[in-house]
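Please read the structure below before turning to the comments.
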DNA sequence: CCATCTTTGTGCACGCGTTCACAAAGACAT
DNA sequence: ATGTCTTTGTGAACGCGTGCACAAAGATGG
């Protein structure tokens, strides 16, 4: 995966572990699929398989929300969809602004997954005056000058940053000053924010680098086994990989 | 953050913890910045601040790679850049294919962070015949029929999936069958792969939902404090949020 | 009403990751 | 050469997350 939370020292919000919160959207997606196929109930085993997790973990996760299952039967799909939605706060409307309408910002604006779950794109904002007024995903882009007014008028508390790295921190500061308290950051920079503001980051480059590490390891082990030359007593890779 | 690794039961590759591997790209980025500003050495405290982590954690992370620091002085920036790059496998060339050239795929193709670090976009692939030949980010899109041939000809081992959810699993299967062993998945689906294949996923919708959870919590606590009405003895939120 | 069978909810143990705190190591000045 | 001062590298303790394994709960059939 490509996300990571920024510090937050395991602040177990209201007794629900962070790790569980991170999985709830996964369960919700699987349940929505079942709901659309009119499946009335589901066992922890089935749902866990659909979500790609351990069934014991899933049951423990749900136990933090309450006892919503029926022993011998399983979980009521519709009821569980409602409970998880409510727990995640998806029963209310979340206006979101996207700042930085380049390739990525445009992709985000067009992404259907937002609107489908309580999230509404309230505005698209870009620093380039040439972009102003130009419609992206049916929404006219507005200039950065309007940022504070847009936040205030729409009661926006969640901001998405898709600007170049250099612009991210200044944009972040303005968002926070205007009242935004949750930020999803796509720019490859470490953002500094005051206490009380949540930042999550998505970094495409980092994900690829992690994959490359494991890929190299696989190739290295393979090569080492094939060559079978003197290797460290603990099966260590050679200090320099052969080209 | 928006990433998460898919199972891999804490496989500590060659003694380097997963958590450490995930932070190495972060350190590398901070170090690259210092290198460009010709800073010769850096202390764990300074570098940790730049990367947004605890300094003790950074030192322990580096200790897994070896003793590359000098006590009383700090770390040599250039040397550390080289060591981390080598460890992550970035000193070699990684050809990558991107499958699904919609808004997101195009954004990824244009993303500069790939080329800058040993990653090379070997091909863009889409199922739509109308897209074939059309250049995106200077690279002509090729049709899915060519997928297997492209993988083989270029020796591609890393694939990026940016297709709609429904197409992801079939595409994944074809990639794996053709020899790809690492996949970065942007489609909102749980991918099933054989052992030995790494999958990381980036899910925009999930990240927003996690932010919404914390946002609701903040608003709820705030409202509860303001109203100050009978609340649970453990400071629990009311079962149903007021509209 | 009782027995059986399925599935939940959870007590418990284990392991990874984080953080503290300090000893060892080396630079630097005198 | 010796002492002082800075900064690394790591031993140890702690806490979170995971998974096993089972008891409790309820459905279902006779």
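Protein chains in written order, with our numbering: chain A, 1007 to 1249; chain B, 1007 to 1249.
Ideal Cβ positions, reconstructed from N, Cα and C, are used throughout, including at glycine.
Just so we're clear, the structure is a prediction, and the values are computed from it rather than from any experiment.
Against chain A, with Cβ distances strictly below 8 Å, would residue i count as a contact?
{"i": "residue 1221 of chain B", "result": "yes"}
{"i": "residue 1061 of chain B", "result": "no"}
{"i": "residue 1128 of chain B", "result": "no"}
{"i": "residue 1023 of chain B", "result": "no"}
{"i": "residue 1140 of chain B", "result": "no"}
{"i": "residue 1211 of chain B", "result": "yes"}
{"i": "residue 1110 of chain B", "result": "yes"}
{"i": "residue 1133 of chain B", "result": "no"}
{"i": "residue 1114 of chain B", "result": "yes"}
{"i": "residue 1081 of chain B", "result": "no"}
Using C-beta distances below 6 Å, list every residue in its chain close to residue i, excluding the 5 sequence neighbours before and after it, in chain order.
{"i": "residue 1133 of chain A", "result": "1150"}
{"i": "residue 1174 of chain B", "result": "1167, 1193 and 1195"}
{"i": "residue 1096 of chain B", "result": "1123 and 1124"}
{"i": "residue 1061 of chain A", "result": "1050, 1051 and 1054"}
{"i": "residue 1094 of chain B", "result": "1030"}
Check the DSSP bridge columns for residue i and list the partner residues they point to.
{"i": "residue 1103 of chain A", "result": "A:1129 and A:1165"}
{"i": "residue 1082 of chain B", "result": "B:1047"}
{"i": "residue 1202 of chain A", "result": "Looking at the DSSP assignment, residue 1202 of chain A forms no beta bridge with any residue, so it has no partner."}
{"i": "residue 1172 of chain A", "result": "Partner(s): none; residue 1172 of chain A has no beta bridge."}
{"i": "residue 1146 of chain B", "result": "B:1141"}
{"i": "residue 1156 of chain B", "result": "Partner(s): none; residue 1156 of chain B has no beta bridge."}
{"i": "residue 1075 of chain A", "result": "A:1081"}
{"i": "residue 1212 of chain B", "result": "DSSP, once it has assigned bridges, lists no residue as partnering residue 1212 of chain B."}
Excluding the five sequence neighbours on either side, which residues of its own chain have a C-beta within less than 8 Å of the C-beta of residue i, listed in chain order?
{"i": "residue 1014 of chain A", "result": "Unreliable positioning characterises residue 1014 of chain A in this predicted model, as indicated by a pLDDT of 41, which lies under 50. The coordinate reading is nonetheless provided below. Once the five neighbours on either side are set aside, the close Cβ partners of residue 1014 of chain A are 1024 and 1204."}
{"i": "residue 1110 of chain B", "result": "1168 and 1192"}
{"i": "residue 1128 of chain A", "result": "1101, 1102, 1103, 1156, 1160 and 1162"}
{"i": "residue 1140 of chain A", "result": "1146 and 1147"}
{"i": "residue 1032 of chain A", "result": "1057, 1058 and 1059"}
{"i": "residue 1202 of chain B", "result": "1187"}
{"i": "residue 1021 of chain B", "result": "1070"}
Under 8 Å, Cβ to Cβ, is there at least one residue of chain B near residue i?
{"i": "residue 1215 of chain A", "result": "yes"}
{"i": "residue 1146 of chain A", "result": "no"}
{"i": "residue 1160 of chain A", "result": "no"}
{"i": "residue 1033 of chain A", "result": "no"}
{"i": "residue 1208 of chain A", "result": "yes"}
{"i": "residue 1120 of chain A", "result": "yes"}
{"i": "residue 1026 of chain A", "result": "no"}
{"i": "residue 1248 of chain A", "result": "Residue placement at residue 1248 of chain A is flagged as unreliable, the pLDDT there being 30, under the threshold of 50; a coordinate-derived value is accordingly withheld."}
{"i": "residue 1136 of chain A", "result": "no"}
{"i": "residue 1037 of chain A", "result": "no"}
{"i": "residue 1125 of chain A", "result": "yes"}
{"i": "residue 965 of chain A", "result": "Absent from the model: residue 965 of chain A. The displayed extent of chain A is 1007 to 1249, so no value can be given."}
{"i": "residue 1164 of chain A", "result": "yes"}
{"i": "residue 1070 of chain A", "result": "no"}
{"i": "residue 1224 of chain A", "result": "yes"}
{"i": "residue 1074 of chain A", "result": "no"}
{"i": "residue 1204 of chain A", "result": "yes"}
Closer than 7 Å by C-beta to residue i: which residues in its own chain qualify, once you throw out the five before and the five after it? Chain order, please.
{"i": "residue 1084 of chain B", "result": "1041"}
{"i": "residue 1178 of chain A", "result": "1167, 1189, 1197 and 1199"}
{"i": "residue 1108 of chain B", "result": "1168"}
{"i": "residue 1135 of chain B", "result": "1149"}
{"i": "residue 1116 of chain B", "result": "1143"}
{"i": "residue 1026 of chain A", "result": "1067 and 1070"}
{"i": "residue 1065 of chain B", "result": "1050"}
inquiry  = Counting beta carbon pairs with one atom in the region 1210 to 1224 of chain B and one in the region 1108 to 1120 of chain A, are three or more of them shorter than 8 Å?
reply    = With a cut-off of 8 Å, the region 1210 to 1224 of chain B and the region 1108 to 1120 of chain A count as touching, because enough Cβ pairs lie within range.
Item checked: Members of the region 1171 to 1196 of chain A that neighbour chain B once the beta carbon cut-off is set at 7 Å -> Sequence-ordered contacts of the region 1171 to 1196 of chain A with chain B read 1187, 1188, 1190, 1194 and 1196 [C-beta pairs closer than 7 Å].
Checklist entry - Given a limit of 8 Å on CB to CB distance, which residues of the region 1041 to 1059 of chain A reach chain B? => result For the region 1041 to 1059 of chain A, which is checked against every Cβ of chain B, the residues closer than 8 Å are 1056, 1057 and 1058.
Handout entry: Cβ pair count under 8 Å reaching 3, the region 1048 to 1067 of chain B against the region 1078 to 1088 of chain B
Key = A contact exists between the region 1048 to 1067 of chain B and the region 1078 to 1088 of chain B.
Report task. Could you tell me whether the region 1177 to 1197 of chain A touches the region 1155 to 1168 of chain A, where touching means 3 or more Cβ pairs closer than 8 Å? Result -> Of all C-beta pairs linking the region 1177 to 1197 of chain A to the region 1155 to 1168 of chain A, three or more are shorter than 8 Å, placing the two stretches in contact.
At a CB distance below 8 Å, what residues from the region 1088 to 1105 of chain A approach chain B? Give them in sequence order.
Here the close residues are 1092, 1093, 1094, 1095, 1096, 1097, 1098, 1100 and 1102.
ask   = Quick one: any contact between the region 1025 to 1040 of chain A and the region 1052 to 1064 of chain A, if contact means 3 or more CB pairs under 8 Å?
value = Segments in contact, yes.
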